[in-house]
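Asker: In the working numbering, the protein residues as written are 35 to 485.
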Ligand code: NAP
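#1: Using 6 Å as the cut-off, classify the Cβ of residue 213 as near or not near the heavy atoms of ligand 1, replying yes or no.
#2: Tell whether a beta-carbon distance below 7 Å holds between residue 486 and residue 379.
#3: What are the start and end residues of the alpha helix (DSSP H) that includes residue 267?
#4: Whole angstroms is fine: what's the gap from residue 326's alpha carbon to residue 188's?
#5: Residue 81 to residue 127, Cα distance in whole Å?
#6: Helix, strand or coil for residue 149, going by three-state DSSP, please let me know.
#7: Can you tell me the Cα-Cα spacing of residue 93 and residue 141, whole angstroms?
#8: Compare the beta carbon distance of residue 23 and residue 264 with 7 Å and say whether it is the shorter of the two.
#9: Would the segment 50-61 and the segment 92-110 be scored as touching if the rule is three or more Cβ pairs under 8 Å?
#10: Figure out for me which residue from 242, 472 and 179 has the closest Cα to the Cα of residue 78.
#11: If you pair each beta-carbon of the segment 458-466 with each one of the segment 128-138, do three or more pairs fall below 8 Å?
#12: Between which residues of its own chain and residue 152 is the CB-CB distance below 7 Å, once the five residues before and five after are set aside?
#13: Looking only at C-alpha atoms, which of 139, 88 and 104 sits nearest to residue 119?
#14: Just mark residue 364 as buried or exposed, buried being the case when its beta carbon has 16 or more other beta carbons within 10 Å.
#15: Nearest-angstrom Cα distance between residue 215 and residue 52?
#16: For residue 188, verify whether its CB is less than 6 Å away from any heavy atom of ligand 1.
#17: Assuming contact is defined by CB atoms lying nearer than 7 Å, are residue 234 and residue 246 in contact in what I supplied?
#18: At 4 residues or longer, what runs of the alpha helix (DSSP H) sit wholly inside the segment 147-189?
#19: Quick check: the Cα distance between residue 366 and residue 354, rounded to an integer number of angstroms?
#20: Is the beta carbon of residue 206 closer than 7 Å to that of residue 85?
#21: Considering only heavy atoms of ligand 1, does any lie closer than 6 Å to the CB of residue 371?
#22: Answer yes or no: the CB of residue 396 versus the heavy atoms of ligand 1, is any distance below 6 Å?
#23: Note down, in chain order, each residue of its chain lying with its Cβ closer than 7 Å to the Cβ of residue 396, except the 5 sequence neighbours on either side.
#24: Buried or exposed: which applies to residue 398, given that a residue is buried once 16 or more other Cβ atoms fall within 10 Å of its Cβ?
#25: Given the structure, does residue 163 come close to ligand 1, in the sense that its CB is under 6 Å from one of the ligand's heavy atoms?
#26: Thinking residue 150 and residue 479 are a contact (beta carbons under 8 Å), I'd like their distance in whole angstroms, please.
#27: Does residue 467 come out as helix, strand or coil in the three-state DSSP assignment?
#28: With residue 474 and residue 452 assumed to form a contact (beta carbons below 8 Å), what rounded beta-carbon distance in angstroms separates them?
#29: The alpha helix (DSSP H) with residue 235 in it runs from where to where?
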């Protein structure tokens, strides 16, 4: 396995993939650690989790640079990601006791209650786009619940995978409580089928989700799937359009556009359409694309060269489908996996950028005849991860029930927050991460009834 710096194509490091014997050794150790870890008092688990948060903060610069080098995210955003990981560790250290406390229920028994027991070894198959955050939002609730974690990280971020394992070890977690496996996607089936693995969670693409779900289904093992998104950003007739345009740029270009919950389809009601197109074009043109280690960079390279080729093909297809290219849309000469901020306007629902997910800084705008049609276009998608709606707060709260997604942001951008459940509907997946809901995905919700 190799870490390749996407800003210049240089190989940063090479890693030996785990042999089958090594995978077996790690699995055996994880399974042996589970009975010890599940009986470790909650306060002890919480102390280690807080130590993990402190180590993240102490090592912020090192971890941020590691992410930026391996997958190209702008360095300030990498620092924020480290801080968010520390937050989720502290959050579950503080809240797990309450989330897992037995709940008494009055029945015909002398006592009856619900308890929340860990499941065992949970496999996490994770993507490269938020190489720390995706892992910590699984690991913090999972480990606090008493499960042990086996991480199969994306093949282009092995350095991050190993750094996270090392961090948990330094925080005092026992060997085997959190293990990184350096294996490719082809190893996932065997891991899910292994009787020592109790459940799996995958964040990634739809094909990977289908595969993991069908294998886990045939083994009757629970899964959570966090898949792709093509979030709508809906600007209704009563919206305040200036802040909406500022937010549109952030929502689309965060992580150089490689975020599942990036806004991808911008749907604008008539009074604002022309102003919106003009305003986002001005703002996009001002973004600085370049070296992600440069503090002033807004948009870094995409994580791999094949992602540039895929994105460019989608932009070309969108133009063929009738979209008008206003900005960007050409692969730059020179080293690195760069793609410029690109603006497609006058899109219809049939345009490629509206039908499928675009994973890069491509902003696609469609006019709606009126507010009702805007909501209709927003819902006309196979995905259902997040949505952002710009209108009065009261109307936004009412409209939230009509929007087909797992998250609705009113007058703001969709972002994950440890305190709120996160996940999608439709082809964006199922199950939830974060909050109490996320923690309960991988516990045995056990009823106890006493005569
Ligand atoms: P990907 O190709 O599916 O990779 C994600 C992970 O799945 C990697 O560890 C990958 O391993 C593994 N994988 C790939 N194919 C697999 C298969 N058939 N069976 C088992 N595992 C498999 O996804 P990506 O293209 O790197 O990531 C971007 C996608 O993730 C986008 O669609 C994005 O929207 C989605 N995403 C969703 C969320 C969310 O929370 N909903 C968050 C972030 C990203 P290898 O690297 O070894 O191939």
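From the three backbone atoms N, C-alpha and C, an ideal C-beta is built for every residue, glycine too.
Answerer: With the structure as the only source:
#1: no
#2: Any answer about residue 486 is impossible in this case: the structure gives the chain only from 35 up to 485.
#3: Note, residue 267: premise wrong, no alpha helix (DSSP H); beta strand (DSSP E) at 265-269.
#4: 20 Å
#5: 7 Å
#6: strand
#7: 51 Å
#8: The requested residue 23 does not occur in the structure, where the chain is confined to residues 35 to 485.
#9: no
#10: 179
#11: no
#12: 72, 179, 180, 181 and 477
#13: 88
#14: exposed
#15: 7 Å
#16: yes
#17: yes
#18: 167-178
#19: 21 Å
#20: yes
#21: no
#22: no
#23: 291, 345, 349, 376, 378 and 387
#24: buried
#25: yes
#26: 6 Å
#27: strand
#28: At roughly 14 Å, the Cβ-Cβ gap does not stay under 8 Å, so residue 474 and residue 452 are not in contact.
#29: Run containing residue 235: none in the alpha helix (DSSP H); it sits in the beta strand (DSSP E), 231-237.
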